[in-house]
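Student: So the sequence shown is residues 136 to 245, counted in the numbering used here.
Pasting in a structure now, in structure tokens, and then I'll have a few things to ask.
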Amino acid sequence: MEEMYNDGFTSEDIEQNKVMSLLAYIIFFIPLLAAKDSKFARYHANQGLVLLLLGISISLVSSIIPIIGWFIIGPLGTIFVIVLAVMGIINALNGKAKPLPLIGGISLIK
């Protein structure tokens, strides 16, 4: 069942670009520049970009809504984004292209 997440990625591509895929969750565009031919790195760069946009959205919403946004939405949203980033990093280091919960189906980078 685990192999179904890696369809379309060669084992050579995965092994060579694990570090680039990890960097996608820190600064999403680095794999796009350094490993532009890697589908695996591009997949994780997409996940990193969507995660960044989610973090920005949560930050905007929490800053607009007083009290509830500052003390509930902001902290819980930040924890959620950090948990998703850690999950993505673990998947990248394990050589998996497993979509992140809730945001994994969004594809902005082809």
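Positions of the beta carbon are idealized from the N, C-alpha and C atoms, including for glycine.
Remember, predicted model here, so these are calculated numbers, not experimental data.
Could you check which residue in H179, A180, V196 and L186 has the C-alpha nearest to that of F215?
Tutor: The residue given as residue 215 occupies position 80 in the sequence shown. Measuring from the Cα of F215, the nearest candidate turns out to be L186.
Student: Verify whether the separation of the beta carbon atoms of L235 and L188 is less than 9 Å.
Tutor: For the purposes of this step, residue 235 is taken as residue 100 along the sequence shown, with counting starting at 1. For the purposes of this step, residue 188 is taken as residue 53 along the sequence shown, with counting starting at 1. No. Outside cutoff.
Student: With a cut-off of 8 Å, do at least 3 Cβ pairs link the region 150 to 162 to the region 221 to 235?
Tutor: yes
Student: Taking the alpha helix (DSSP H) that S242 falls in, what are its first and last residues?
Tutor: Numbered from 1 along the sequence shown, position 107 holds the residue referred to as residue 242. No alpha helix (DSSP H) contains S242, which DSSP labels as neither H nor E.
Student: Taking the alpha carbon of G239 as the reference point, which residue from K171, L167, I202 and Q182 has its own alpha carbon closest?
Tutor: Taking the sequence shown and counting its residues from 1, the one referred to as residue 239 is at position 104. Taking G239 as reference, the option from K171, L167, I202 and Q182 with the minimal CA-CA separation is Q182.
Student: Would you please state the rounded distance, in angstroms, between the beta carbons of D142 and K174? I believe it to be under 8 Å.
Tutor: Along the sequence shown, one-based indexing puts residue 142 at 7. Along the sequence shown, one-based indexing puts residue 174 at 39. Contact between D142 and K174 is absent: CB atoms are separated by about 11 Å, not below the 8 Å threshold.
Student: Below 7 Å CB to CB, which residues in the same chain sit around I241 once its five sequence neighbours on both sides are set aside?
Tutor: For the purposes of this step, residue 241 is identified with residue 106 of the sequence shown, where counting begins at 1. Closer than 7 Å at the Cβ level, and outside the excluded window around I241, lie V185.
Student: Beta-carbon within less than 7 Å of L228's beta-carbon, same chain only, minus the 5 sequence neighbours each way: which residues are those?
Tutor: What you label residue 228 is simply residue 93 of the sequence shown in a count that begins at 1. So the list reads K153 and L157, once near-sequence residues are dropped.
Student: How about I208 and I193: are their beta carbons less than 9 Å apart?
Tutor: On the sequence shown, residue 208 is found 73 positions in, with the first residue counted as 1. On the sequence shown, residue 193 is found 58 positions in, with the first residue counted as 1. The answer is yes: Cβ separation under 9 Å.
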